[in-house]
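Trainee:
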Amino acid sequence: MQQPIATALVGVIVAISVTVAFLSRKFTRSTSEFYVAGRGINAIQNALALSGDYMSAASFLGVAGLVWAYGYDGIWYAAGFFAGWLVLLLFLASPIRRFGAYTIADFVAGRFHSRKLRIAAMVGTLMVSLFYIIPQMVGAGELLGLLLGWDYVFAVVIAGTLITIYVVLGGMRATTYNQIIQCVLLWTAMFVVMTLALGKFDFSYSQLLGTVSEYTVPGRWLDFKNSFALIFGLVLGTAGLPHILIRFYTNPSGRSARWTTVWTLLIIGTFYMMTPVVGLAARSLIGDSPSTTNLVLPMLAQHVGGEWMIGVVIAGAFAAILSTVAGLVIASTGAIAHDLFTMLVPGASDKRQVLVAKLTSVGVGIIAILTGLLFRGYNVAFLVGLAFAIAASTFFPVLMLGVWWKGTTEKGALAGMIVGMVGSGVMIATNLLKVHTLMNPSIITVPASFLAIYFISKFDGKVPGDTMEFMHKVHMPEKVHEAASE
Amino acid sequence: MSSSKDKAKETEKYVAKEFKKSFSLGVFFLLVTLILPILNQFAGGVMLKKLIGELSVTYLYSVLLIYIVAWIITVYYVVRTDREEEEH
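Line order of the protein sequences matches chains A and B. Residues in the first sequence are numbered consecutively from 385, following my numbering. Residues in the second sequence are numbered consecutively from 114, following my numbering.
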């Protein structure tokens, strides 16, 4: 299927992305600029960028597709993707920003003064980011391949190359500005499709549901155990996603980090409220036509708005993929070029670190392309759900107890991260091999990680000597620190 | 020495107060969210009851109530924390 309008709109996005990166290139001369945009991104800018970062192909294409396929059970994804932000706000947003580092590994290594924890966090970051990158690249290949007539391989290579170029050229600042533009585009695309689709039912939500009433009840896909496990994993997973957490470092203060979350909750909340409408409208209006869940939204757009609308939706989906993968490339780059390189080569100059970061971004971009080619055909929202499970199990317990419990020790934190990371990996693999039926393992692996941290810390008892200094730094209001430094 | 002890005490007190606030709001919200699959399982009759036209209790809960509760908690938490930090 060839779509000249969509092709033109994708071309416009490409041109804007590269131009923004080119104009931002002077802001990548220091590591602070490359990783955290000099900590100068205000709350509303950051909220838009975070929303763009967070609303991936899974949110834009996947959730509507799952609602179309399974009705009510697909709505769990929308609610879970949204609800996790409140946990992030209440427990981690301000403390993480006040610590003021570049990566999650910086945070745990700084809290416990541990090289082993730095390595574990680095491995965890790469594992989560990879699981998250795969579905985005698969989404890019399927979407551009099927709808624009591009070859799958060509589409994946184009998307991967473009993202790499603008991360390397513009670092976090270009990524932020691009994510802001992409967020506005994808939110607007979803809103327009929803409005046009609802128009077919005289703008009556009730009338729409009446046409697909068998899809508005739970249980078409997930049983009680799996629906509970899924929502548990999604809610806690958000607070463990490295590419989201590192964006909090770009805020100027802890207060600003909190307001960033408020605006983000508003933007993504309104977005996720639209996805069930779109998914159910697709079920009602186009029935079983889509060949895959990932193409439900573009096909509905074509049905309700013709070629222009499908163009807008393809452009929106492409924007969702670009913004998310760029955030993941920065997070993965930080894990390798910052966490690993600075450990292996302590005292490397800032200029050398930036060069290594840029080379690493190219390497990560190539890996993103290769994994996109390898995992062709997988369901995007399902894969992202697994990334959330690993994030929830690996990072959420250690961050939560590291931030709030002064009794946490290095050995406890390490045990918790290993239990979470290995446990979730094994549980996912054994589910895929049909050894058990639990699709999202967080409900077991998150409590297991918490327990491991608690009991090993109690047994170990070697609390870092500067724990109270750390607590003071991450919890006390900025004005207390300002007064102390005067 | 005594000043660093005072600082530690003050921090501990502040962290405990902050945790109490975050924990109570967090647990409340997790209950609101995680109770939905439980209610669907054990109170299916009530949850499938139509409330507004074709919109059932469980549907409204999942596409509206969770969002509204989250927004209310968010604004309450942020405004209260800002005020407390200002007064500290």
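The beta-carbon is built from N, C-alpha and C at its ideal position, and this holds for glycine as well. From a predicted model like this one, the values you see are computed outputs, not experimental measurements.
Leaving out five residues on either side along the sequence, give the residues of the same chain with a beta carbon under 7 angstroms from the beta carbon of residue 513(A).
Mentor: Hits under 7 angstroms: 626, 627, 712, 715, 716.
Trainee: Shorter than 8 angstroms from the beta carbon of residue 571(A) to some beta carbon of chain B?
Mentor: Judged by the 8 angstroms Cβ criterion, residue 571(A) is not in contact with chain B.
Trainee: Out of 409(A), 470(A), 817(A), 835(A), which has the shortest C-alpha to C-alpha gap to residue 143(B)?
Mentor: Cα-wise, what sits closest to residue 143(B) is 470(A).
Trainee: Is the shortest distance between the beta-carbon of residue 126(B) and the beta-carbons of chain A less than 8 angstroms?
Mentor: No, its Cβ sits nowhere closer than 8 angstroms to a Cβ of chain A.
Trainee: Specify, as a first and last residue, the run of the beta strand (DSSP E) that residue 203(B) falls within.
Mentor: Beyond the ends of chain B as shown, which are 114 and 201, falls residue 203(B); an answer cannot be given.
Trainee: In this structure, what does DSSP give as the bridge partners for residue 169(B)?
Mentor: BP columns for residue 169(B) point to 163(B).
Trainee: Indicate whether residue 149(B) and residue 174(B) have their beta-carbon atoms separated by less than 8 angstroms.
Mentor: Yes. Within cutoff.
Trainee: Can you have a look at residue 426(A) and say buried or exposed, based on whether 16 or more other CB atoms are within 10 angstroms of its CB?
Mentor: So residue 426(A) counts as exposed.
Trainee: Compare the C-beta of residue 356(A) against all C-beta atoms of chain B and say whether one is closer than 8 angstroms.
Mentor: A query on residue 356(A) cannot be resolved here, the shown segment of chain A reaching from 385 to 870 and no further.
Trainee: Any idea if residue 765(A) is buried or exposed, counting beta-carbon neighbours within 10 angstroms, 16 or more meaning buried?
Mentor: With 16 or more other Cβ atoms within 10 Å, it is buried.
Trainee: Please report the straight-line C-alpha distance between residue 484(A) and residue 422(A), rounded to a whole angstrom.
Mentor: Going from the Cα of residue 484(A) to the Cα of residue 422(A) covers about 11 angstroms.
Trainee: Quick check: the Cα distance between residue 803(A) and residue 809(A), rounded to an integer number of angstroms?
Mentor: Each residue's alpha carbon lies about 10 angstroms from the other.
Trainee: Less than 8 angstroms between the beta carbons of residue 448(A) and residue 776(A), yes or no?
Mentor: In this structure, residue 776(A) does not lie closer than 8 angstroms to residue 448(A) by Cβ.
Trainee: Indicate whether residue 559(A) and residue 431(A) have their beta-carbon atoms separated by less than 8 angstroms.
Mentor: For residue 559(A) and residue 431(A), no; Cβs fall outside 8 angstroms.
Trainee: Contact between the segment 629–642 of chain A and the segment 464–483 of chain A is defined here as three or more beta-carbon pairs at a separation below 8 angstroms; is this criterion met?
Mentor: Touching, yes.
Trainee: If the cut is a Cβ gap below 8 angstroms, which residues of chain A does residue 169(B) touch?
Mentor: Correct list: 600, 601.
Trainee: Could you name the residues of the same chain whose beta carbon sits closer than 8 angstroms to that of residue 589(A), not counting the 5 residues immediately before and after it, in chain order?
Mentor: Same-chain partners within the cutoff: 582, 661.
Trainee: Unbroken alpha helix (DSSP H) runs of length 4 or more, entirely within the segment 472–536 of chain A: which are they?
Mentor: Runs of the alpha helix (DSSP H) inside the segment 472–536 of chain A: 477–483, 488–496, 499–532.
Trainee: Let me know the secondary structure DSSP gives residue 637(A) once reduced to three states.
Mentor: Three-state result, residue 637(A): coil.
Trainee: Can you pull out the residues from the segment 452–471 of chain A whose beta carbon lies closer than 9 angstroms to at least one beta carbon of chain B?
Mentor: The residues in question are 456, 459, 460, 462, 463, 464, 466, 467, 469, 470, 471.
Trainee: Leaving aside the five residues before and after residue 389(A) along the sequence, list all residues of the same chain whose C-beta is less than 7 angstroms from its C-beta, in chain order.
Mentor: Cβ within range, chain order: 691, 692, 695.
Trainee: Please confirm whether residue 158(B) has its beta-carbon closer than 8 angstroms to some beta-carbon of chain A.
Mentor: No, because no Cβ of chain A sits closer than 8 angstroms to the Cβ of residue 158(B).
Trainee: Below 9 angstroms on C-beta distance, what does residue 583(A) contact in chain B?
Mentor: Those within 9 angstroms of residue 583(A) in chain B number zero; the least Cβ separation is about 17 angstroms.
Trainee: So what does DSSP say about residue 824(A), is it helix, strand or coil?
Mentor: In this structure, residue 824(A) counts as coil in the three-state DSSP scheme.
Trainee: From the beta carbon of residue 639(A), is the nearest beta carbon of chain B less than 8 angstroms away?
Mentor: So yes, residue 639(A) belongs to the interface.
Trainee: Straight-line CA distance for residue 816(A) to residue 828(A)?
Mentor: The alpha-carbon atoms of residue 816(A) and residue 828(A) are separated by roughly 17 angstroms.
Trainee: Excluding the five sequence neighbours on either side, which residues of its own chain have a C-beta within less than 8 angstroms of the C-beta of residue 424(A), listed in chain order?
Mentor: Excluding residues within five positions, the ones whose Cβ falls inside 8 angstroms are 634, 636.
Trainee: Could you tell me if residue 834(A) is buried or exposed, where buried requires 16 or more neighbouring beta carbons within 10 angstroms of its beta carbon?
Mentor: With 16 or more Cβ atoms within 10 Å of its Cβ, residue 834(A) is classed as buried.
Trainee: Would residue 129(B) be called buried (16 or more neighbouring beta carbons within 10 Å of its own) or exposed?
Mentor: Exposed.
Trainee: Threshold first: 4 residues or longer. Then list the alpha helix (DSSP H) segments lying entirely within the segment 691–740 of chain A, N to C.
Mentor: As far as the segment 691–740 of chain A is concerned, its whole alpha helix (DSSP H) runs of at least 4 residues are 725–728.
Trainee: Is residue 644(A) helix, strand or coil by DSSP?
Mentor: Here residue 644(A) sits in helix by DSSP.
Trainee: What are the boundary residues of the alpha helix (DSSP H) that includes residue 817(A)?
Mentor: Residue 817(A) -> no alpha helix (DSSP H), and no H or E assigned at all.
Trainee: Which of the three DSSP states, helix, strand or coil, is assigned to residue 585(A)?
Mentor: Three-state DSSP puts residue 585(A) in coil, outside helix and strand.
Trainee: Among 163(B), 179(B), 198(B), 186(B), which residue has its Cα nearest to the Cα of residue 135(B)?
Mentor: Closest option to residue 135(B), Cα to Cα, is 186(B).
Trainee: Would you say residue 133(B) lies against chain A (beta-carbon separation less than 8 angstroms)?
Mentor: Residue 133(B) does not count as touching chain A.
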